[in-house]
Structure formats: C-alpha cells, structure tokens
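Here's the structure, in structure tokens; my notes come after.
Number of protein chains: 2
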Amino acid sequence: MTNEIITSVQNPLVKRLHQLLSRKGREEQQRFLVEGAHLVEEALKSGAEVVTVIYDQQRDMDPACQRALANHPEAVQVIAAPETVLAKLSETKSPQGIVAEVKKTAADWAKWVDQKREEQGSLLLLFLDEIQDPGNLGTILRTAEAAAIDGVVLGSGSVDIYNGKVVRATMGALFRIPVFTQSLVDTADEWKAKGGRVLISSLEQNSVSYDEADYAGLTALVIGNEGRGVSKEMFAKADQFVHIPLYGGAESLNAAVAAGIFVYEAQRKRR
Amino acid sequence: MTNEIITSVQNPLVKRLHQLLSRKGREEQQRFLVEGAHLVEEALKSGAEVVTVIYDQQRDMDPACQRALANHPEAVQVIAAPETVLAKLSETKSPQGIVAEVKKTAADWAKWVDQKREEQGSLLLLFLDEIQDPGNLGTILRTAEAAAIDGVVLGSGSVDIYNGKVVRATMGALFRIPVFTQSLVDTADEWKAKGGRVLISSLEQNSVSYDEADYAGLTALVIGNEGRGVSKEMFAKADQFVHIPLYGGAESLNAAVAAGIFVYEAQRKRR
C-alpha cells in the first residue's frame with residue numbers, strides 16, 4: 001500500500017481514469033471505476049483486482065475501506081487528491097470522496113460451467129437478452145445474488161455491465177456473482193450441448209405459468225429486452241416458454257421485477 | 001374539443017402549467033402533468049379529469065390520442081404550440097411532443113374499502129411506507145396493477161405519486177389502480193378496526209418466509225423505505241412479519257423487486 005498525492009485534474013493518471021467513465025475507455029483499458037466507500041470496500045474484499053484507490057484528501061478515508069485495503073493481498077496504489085479530482089472521476093451529483101480503478105475479469109464460461117456442474121450437480125443460470133436500462137441490469141444482478149443464482153450470461157448488445165449506474169445498482173453483487181458477457185445464441189447452443197434446458201420468458205400462447213414450470217437440473221432462464229422481449233433467434237433455442245400472468249390491465253412487468261419473480265419461484269421449487 | 005394556439009413560453013397558461021413540474025405547484029393547483037402519447041392516451045381513456053392537452057404544432061397529434069380525445073366525455077382544451085413550449089413543460093431530455101394537464105383525484109379510503117369489501121368479500125392491499133425513489137414507486141404501481149392488487153396506500157413522507165418520473169414508471173397504472181396518499185399508521189388502525197390483517201415485510205427474527213405467510217381475506221402488505229425498511233410505528237401494527245429469504249450474499253432486495261415477489265406469491269396463494 002503506497003501513498004501518493006495528486007493535485008491537478010491535468011495529471012495523466014486522472015486523465016486516463018476519466019476515460020473509464022465511457023464504454024470506449026473501459027473497453028480499451030479493460031478496467032472500470034467504482035465509486036463510493038461501500039462499493040470500493042466490496043471490490044477490495046471480493047478479491048477483484050483493484051489497481052488504484054483515490055480518496056478526497058479533505059475527508060478521512062472510510063475505516064472499512066482502510067481495513068479492506070490493509071487486508072488486500074495485492075499492492076494497491078493509494079492516492080490522496082483534492083475534491084476537483086474526485087469530481088472529475090465521478091458520474092454522480094455529489095461525488096462520494098472515494099473511487100477505485102478495478103481490472104475487468106474474463107473467465108471462460110464453458111470451463112466455469114463444467115467445474116460448477118461437477119461441484120453441485122445442478123445449475124440455475126440467468127441469460128439476459130439485450131437488457132438496455134442500467135438500473136434494471138444492476139437490480140437483476142442484485143436479485144440474482146440474493147436468490148443465489150449460480151451465474152449470469154449477459155448477451156452482446158446489452159448495456160455495459162461496467163457502466164457506473166449498473167455497478168451502483170448491483171450494490172456490490174457484481175463482485176460476488178459470476179457474470180459473462182458473450183453471444184447469447186452461441187451460449188444457448190453450448191448449454192444445450194451440455195444437457196442444459198432453456199426456459200424463455202414470453203407471453204407466447206404455448207407458454208406455461210411461472211409457477212408451473214420445471215426449473216430442475218441444468219436450467220437457464222432467459223429474460224428479454226425491456227421493449228421487445230426475447231429475440232427471435234433465442235426463441236429457436238427454447239425448451240419451454242414461461243410467463244408471469246398479468247391479472248390486471250398492465251401490458252407487461254418491469255424486466256427486473258419479472259426476473260425477481262422468476263428466480264425466486266425457481267429457487268422455491270429447487271429447494 | 002376546442003382548438004387554440006399558443007406561441008410563447010411567456011403565455012400565462014404555460015407559466016401556470018410549468019409550475020406543475022414541482023411538488024409545490026402540484027399541491028397548490030391540485031393538478032399534475034403527464035407527458036408522451038401513450039400516457040396522455042391512458043389518462044384520457046381512464047376517465048381521469050383531463051383539463052388541457054398541448055401538442056407540438058410541428059408534429060401530427062398521435063392518432064390514438066386523437067381517438068381518445070374524441071371519445072372523452074368532458075370538454076378538453078386542446079392547444080397547438082411550438083416546440084419551445086413543449087420543452088418548457090417537459091422533464092425529459094427529448095420532449096415527446098404532447099403533454100396533458102390532469103386533475104388529481106381524492107377518494108375516501110374508508111368508504112372505498114367498505115364498498116370493495118361488499119363487492120368482493122376479500123381485499124389485498126399494498127401499504128407503502130415512505131418509498132423515496134420515483135422509479136421504485138412507479139414500478140411498484142405497475143406491478144400492483146399487473147398482479148391485480150385491489151389498491152395502494154402511499155404513506156405520508158413518500159415521494160409524490162404525481163412526480164413525473166413516478167407517473168412515467170407506472171406505464172399508466174396510476175390511472176387504473178386506486179392509490180390513496182395518507183397517514184399509514186392511521187390507515188393501519190382503521191384497517192384493523194375493519195377486521196383487516198397487517199403483514200409487514202421485514203427480516204425480523206420472528207418473520208415467516210413469504211411463501212409460508214397467510215394472505216387470505218382482508219390482507220394489507222407493508223413495504224418499507226429503501227434504506228431503513230418499515231418504520232417502528234408501523235411495526236406496532238403487525239399481525240405477522242414476512243420476509244423474502246436472502247440465499248446469497250446480498251444484504252437486501254430492491255424495494256420494487258421485493259414488492260413484486262410478495263404480491264405475486266400472495267395472488268398465487270389467493271387464486
């Protein structure tokens with residue numbers, strides 16, 4: 001744990017980190033930012049590769065973050081900086097006085113599945129098909145962790161999982177639940193080749209009610225885009241269509257609410 | 001259906017309507033704004049008291065809105081205006097070209113309960129205790145309508161139900177499900193005096209799992225504030241504490257997701 005001081009928003013490190021506020025910057029550098037004491041602590045405790053922590057020199061660093069830093073196995077560059085620097089690295093109206101730079105992780109989905117399957121025998125996964133709203137995606141990850149879903153596959157074309165709003169809405173779940181970003185159609189093919197079943201959330205005529213579906217064994221549940229639902233390409237992969245009944249006049253449920261109802265029912269049946 | 005033209009943002013009507021973007025203005029005038037063709041159509045079709053519709057003179061009025069206006073039983077003041085006026089009455093980045101002024105409704109909760117009870121025999125209500133996030137509140141109303149909850153009581157101290165973000169997140173449910181804003185503690189007392197039961201969402205040690213709770217007959221389910229949960233004053237009114245198990249590492253669920261899991265389980269058991 002080193003301690004440095006930065007004084008200017010013109011500092012090259014600050015300029016580089018500022019680029020992580022855009023998807024392009026995150027893809028080029030393969031890193032992302034997390035803001036706020038709680039999320040920085042979660043990142044440090046999770047074993048994520050935290051590279052840099054910058055905190056507001058006018059405030060004391062949060063004690064929980066200090067402890068997590070002290071226990072972090074890898075060296076972290078710790079930097080004190082003025083409020084202007086923190087503001088430059090913040091997407092929120094009131095910068096929270098601490099921000100961390102974290103390396104993206106890239107695990108191999110197929111290997112992960114094989115290993116998990118050997119450990120547990122069965123698996124329950126969420127496949128997310130072009131979820132667009134950052135709040136929805138973050139909330140779905142938070143719910144998936146709460147329900148102890150084994151992992152999440154985020155289809156290409158979805159909002160970036162490392163978007164600041166997503167990260168904040170996960171409440172730290174991002175650091176604790178495996179998330180893979182890749183082609184959903186290819187993933188479904190691999191999953192089916194491994195004996196997995198694909199349940200697609202849709203109001204199709206031949207769909208069964210969420211409380212009558214079979215979630216046993218190797219099950220992946222597909223949640224669709226907020227506007228158009230699950231794509232036609234994914235429809236072809238369905239072993240079963242499942243829906244949540246709309247008893248009232250509403251045309252649909254919010255994607256995160258629907259995901260929550262599905263995953264809790266799946267776990268209720270599996271337990 | 002009258003047709004008028006307004007040309008300036010300085011017009012007194014525009015100035016008055018602009019005040020409806022603030023809670024203070026909505027409380028003084030007892031009216032609120034809804035923006036976008038879909039919501040304006042829903043307001044007109046629902047029987048809500050629509051006073052004024054202003055649309056962008058550069059665009060044609062949405063055909064569904066035109067039909068809804070033609071079928072609306074009361075006279076509505078219809079006004080064409082330039083984009084600048086629409087922008088002045090919009091909270092969104094890209095104004096949607098149509099906005100309606102709607103009168104708030106104020107029904108008597110106790111009378112409504114008595115009547116509904118006579119019609120149906122049983123009732124399932126949601127009590128919301130100081131929900132603060134507009135997106136959460138709107139999503140909860142949308143879910144409540146989908147699950148055919150009979151009505152919602154929004155405790156004093158919550159975000160304003162007529163806040164533009166709330167109205168948009170309801171997807172029109174606001175116009176189709178009864179919502180009462182009033183003291184939740186007093187409402188709970190009245191409800192219990194009528195023989196109603198109060199279920200409180202909480203992780204208290206003596207709480208039962210959401211799938212083992214009794215939702216029959218006259219049941220009100222209380223969902224708490226995003227940060228601190230249900231208030232201590234409401235705790236005193238509990239007939240039963242209920243919780244959603246957190247199987248994974250998450251500390252809590254999003255309030256709208258929790259409400260969705262609860263109300264769907266309640267309806268699953270009641271049906």
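Protein sequences, first through last, are from chains C and S.
Just so it is clear: in the first sequence, position 199 is 199 by the UniProt record's numbering, and no numbers are missing.
Just so it is clear: in the second sequence, position 70 is 70 by the UniProt record's numbering, and no numbers are missing.
Just so it is clear, CB atoms sit at the ideal spot from N, CA and C, and this is done for glycine as well.
As the structure is a computational prediction, the values presented were derived from the model and not from experiment.
| query | result |
| --- | --- |
| Buried or exposed (CB count within 10 angstroms, at least 16 for buried), S/N3 | exposed |
| Residues from the segment 135-154 of chain S in contact with chain C, defined by Cβ distance under 7 angstroms | G135, T139, R142, T143, E145, A146, A147, A148 |
| Candidates S/V102, S/K103, S/V85, S/T105, of which the one nearest S/Q96 by Cα | S/V85 |
| Local conformation of S/Y264 per DSSP, three classes | helix |
| Beta carbon proximity, S/M171 to chain C, threshold 8 angstroms | yes |
| Per DSSP, the bridge partner or partners of C/Q115 | According to DSSP, which records beta bridges pairwise, C/Q115 is partnered with nothing at all. |
| CB contact below 8 angstroms: C/R270 versus chain S | no |
| Chain S within 8 angstroms of C/V257, Cβ atoms only | yes |
| Proximity test, Cβ basis, 8 angstroms: S/K249 and chain C | In the sequence under discussion, the amino acid at residue 249 of chain S is Gly, which differs from the Lys named in the question. Chain C, which has a Cβ nearer than 8 angstroms to the Cβ of S/G249, makes this yes. |
| S/A220 in three-state terms, based on DSSP | strand |
| 8 angstroms contact criterion, which S/V179 and S/V152 should meet: CB distance rounded | 5 angstroms |
| Straight-line gap, C/S213 to S/Q132 (C-alpha atoms, nearest Å) | The sequence shown places Ala at residue 213 of chain C, not Ser. If I take the Cα positions, the gap works out to 35 angstroms. |
| The beta strand (DSSP E) enclosing C/T181, as first and last residue numbers | 179-182 |
| Inter-stretch contact (C-beta, 8 angstroms, three-pair minimum) for the segment 110-128 of chain C and the segment 37-44 of chain C | no |
| Span separating the alpha-carbon of C/S46 from that of C/I98 | 17 angstroms |
| Assigned exposure category for residue 336 of chain C - 16 Cβ within 10 Å defines buried | Lying before the first or after the last residue shown, residue 336 of chain C is absent from chain C, which here runs from 1 to 271. |
| Neighbouring residues, chain S, relative to C/L246 (Cβ below 8 angstroms) | A146 |
| Neighbour list for C/R176 in chain D, Cβ cutoff strictly below 9 angstroms | Judged by its chain identifiers, the structure shown contains no chain D, and its protein chains are C and S. |
| When C/G217, C/I161, C/V242 are compared against C/R271, the one with the closest alpha-carbon | C/G217 |
| First through last residue of the alpha helix (DSSP H) which encompasses C/S46 | 37-46 |
| Nearest-angstrom beta carbon gap, C/R23 and C/D160 [assumed within contact, 8 angstroms] | 5 angstroms |
| Any 3 or more C-beta pairs closer than 8 angstroms across the segment 231-242 of chain C and the segment 135-143 of chain S | no |
| Buried or exposed (CB count within 10 angstroms, at least 16 for buried), C/N206 | exposed |
| Short Cβ contact (8 angstroms threshold) for S/E145 with C/A250 | yes |
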